[in-house]
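Here is the structure we will look at.
2 protein chains.
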Amino acid sequence: MRTSNFTPDLTDNQRKVLDFIQRFIAIYTVPPKLQEVAEGIGISSRGVAHRYVQALVEAGYIETDSGKHRGIRLLKSNPYRPESRLPLLGEIAAGKPIEAIPGQDEIDLSEFFGHNNFAVQVKGDSMIDAGILDGDTVIIEFRETADDGDIVVALIDENETTLKRFKRSQRGKYIKLIPENSEMEPMVYEAERVRIQGVLIGQLRKY
Amino acid sequence: MRTSNFTPDLTDNQRKVLDFIQRFIAIYTVPPKLQEVAEGIGISSRGVAHRYVQALVEAGYIETDSGKHRGIRLLKSNPYRPESRLPLLGEIAAGKPIEAIPGQDEIDLSEFFGHNNFAVQVKGDSMIDAGILDGDTVIIEFRETADDGDIVVALIDENETTLKRFKRSQRGKYIKLIPENSEMEPMVYEAERVRIQGVLIGQLRKY
DNA sequence: TTGCTTGTTCTCATAATGTTCTCATTATAG
DNA sequence: CTATAATGAGAACATTATGAGAACAAGCAA
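Just so you know, the sequences run in chain order A and B. Residue numbers for the first sequence follow numbering that gives the first Met the number 0, beginning at 0 and rising by one. Residue numbers for the second sequence follow numbering that gives the first Met the number 0, beginning at 0 and rising by one.
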């Protein structure tokens with residue numbers, strides 16, 4: 000519970016409130032309202048929460064937009080920034096223990112969270128040979144164009160949506176949508192019938 | 000890019016509306032009308048929906064083609080989405096356009112970033128039937144015990160590390176490490192020779 | 001065109017939130 | 001012990017945010 004900030008000018012509870020506000024913002028991206036602050040530190044009075052918040056204002060840790068809902072602003076940077084990186088420990092199944100390779104590298108998932116991205120849950124086995132199983136979640140970048148070989152979310156006849164590998168015919172008149180499953184056949188459509196909704200940029204699965 | 004030092008320029012419901020509009024466009028490819036916005040956030044008044052939409056216009060998030068039906072255009076996406084969550088659009092590949100999953104409209108990846116987790120890059124095809132391909136990244140929770148059926152990172156003879164499905168023999172004297180690849184055979188070791196380093200909790204792939 | 005739908009502008013109410021108090025209780029220093 | 005600071009509850013009030021719906025204008029389709 001010890002943090003790097005040593006703040007002797009705050010009481011324990013004021014410290015607790017500041018801590019809560021920082022964590023709240025990290026999680027929800029918006030500051031808490033007084034009711035939430037109160038609950039966050041285990042009391043029931045908005046008035047008391049307000050008193051703590053004012054103390055933090057006077058101590059110079061935060062500002063408030065007086066009257067506005069969720070009007071708290073942090074003045075110093077938030078130590079609880081959400082993490083989107085993980086230590087990457089090296090390749091597995093090689094001859095050495097994992098521990099022998101200290102975390103010198105990390106993997107950054109922030110590109111998964113871009114503004115035009117969304118996640119879709121996959122139903123069915125049509126992409127099983129590409130390692131995309133029924134129930135997996137795929138991450139799609141919202142785009143209207145794709146390159147040959149991309150895996151795309153395609154809308155057919157403004158009606159049916161599928162995840163397939165994309166290929167254009169030589170003159171661009173037809174579009175071939177190729178399942179990655181040896182038991183299924185590629186489908187060919189006139190280009191006008193197919194609209195790209197997005198391109199696969201990632202895939203993930205929770206166990 | 001989102002920092003912590005700001006007061007939200009949108010109220011809770013205004014954010015909800017922005018979120019709804021983005022999701023609506025992703026699903027139906029056209030912007031919603033006010034009636035749909037109203038229903039989308041659980042109110043019945045077109046007038047109120049209009050007020051929210053106007054607030055978003057003034058905040059610079061959207062534009063409207065004044066008077067036109069479905070005249071909303073997105074300008075910038077909302078910065079209020081935490082970097083560990085993605086909008087989740089529902090299941091793909093069924094016969095219909097993507098539908099939202101009721102009750103669950105985003106996926107949260109924050110559990111991937113726990114302190115005891117690390118990422119490992121997979122080498123080889125031994126888990127290919129489980130949809131884990133060569134080059135994939137798996138997310139491991141650092142643990143020393145596992146249950147039967149878990150996929151684990153196991154260290155054999157303090158020397159060799161592999162990713163396999165874990166199974167204990169009835170008396171616990173032996174441990175079977177099962178590859179998910181029909182061309183490979185399970186391996187059996189005396190329990191002392193195998194040490195669990197972690198358990199698979201997630202898997203991801205970048206394209 | 002006609003008739004219906006949709007967007008826009010209002011007013012009126014109500015709920016939710018921030019703010020300021022008073023009063024009581026607990027912890028702590030001296 | 002007493003004095004003081006810190007804490008908690010909650011009432012009362014002001015302001016902000018929200019919701020319903022009427023009335024009218026503008027778009028849209030048959």
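In this text, a Cβ means the ideal position worked out from N, Cα and C, and glycines have one as well. The structure presented is a predicted model; accordingly, all values stated were derived computationally and were not measured.
{"Check": "Could you compute how far the alpha carbon of A/K205 sits from the alpha carbon of B/F111?", "Outcome": "9 Å"}
{"Check": "Figure out for me which residue from A/I150, A/N77, A/I61, A/I155 has the closest Cα to the Cα of A/R192.", "Outcome": "A/I155"}
{"Check": "In this structure, how does DSSP classify A/A153 when only helix, strand and coil are distinguished?", "Outcome": "strand"}
{"Check": "Can we say the segment 75–90 of chain A touches the segment 104–118 of chain B, given the rule of at least three CB pairs closer than 8 Å?", "Outcome": "yes"}
{"Check": "Determine which residues of the segment 179–198 of chain B have a Cβ less than 7 Å from any Cβ of chain A, and write them out in chain order.", "Outcome": "Q196"}
{"Check": "Suppose you measure from the CA of B/Q202 to the CA of A/R45; what does that come to, to the nearest Å?", "Outcome": "43 Å"}
{"Check": "Apart from the five residues just before and just after B/Q120, which ones in its own chain have a Cβ nearer than 6 Å to its Cβ?", "Outcome": "T136"}
{"Check": "Please return the same chain residues whose Cβ sits closer than 6 Å to the Cβ of B/G39, not counting the five positions on each side in sequence.", "Outcome": "F19"}
{"Check": "Buried or exposed: where does A/Q13 fall if 16 or more other Cβ atoms within 10 Å of its Cβ makes it buried?", "Outcome": "buried"}
{"Check": "In chain B, what lies closer than 8 Å to A/A209 by C-beta?", "Outcome": "Since the first residue shown for chain A is 0 and the last is 206, residue 209 of chain A is missing from the structure and cannot be characterised."}
{"Check": "Closest Cβ-Cβ distance between A/Y206 and chain B: below 7 Å?", "Outcome": "yes"}
{"Check": "So, is B/T144 buried or exposed, given that buried needs 16 or more other C-beta atoms within 10 angstroms?", "Outcome": "exposed"}
{"Check": "Measuring CB to CB, does A/Q21 end up less than 7 Å from A/Y79?", "Outcome": "yes"}
{"Check": "Taking the CB atoms as reference points, tell me whether B/I127 and B/L199 lie closer together than 7 Å.", "Outcome": "no"}
{"Check": "Specify the secondary structure class of B/F5 as computed by DSSP and reduced to three states.", "Outcome": "coil"}
{"Check": "Measure from the alpha carbon of A/F165 to the alpha carbon of each residue in A/V152, A/E157, A/P31, A/Y60, then state which is nearest.", "Outcome": "A/V152"}
{"Check": "By how many angstroms is the C-alpha of A/E182 removed from the C-alpha of B/Q53?", "Outcome": "52 Å"}
{"Check": "For a quick check, are the C-beta atoms of B/S125 and B/P185 less than 7 Å apart?", "Outcome": "no"}
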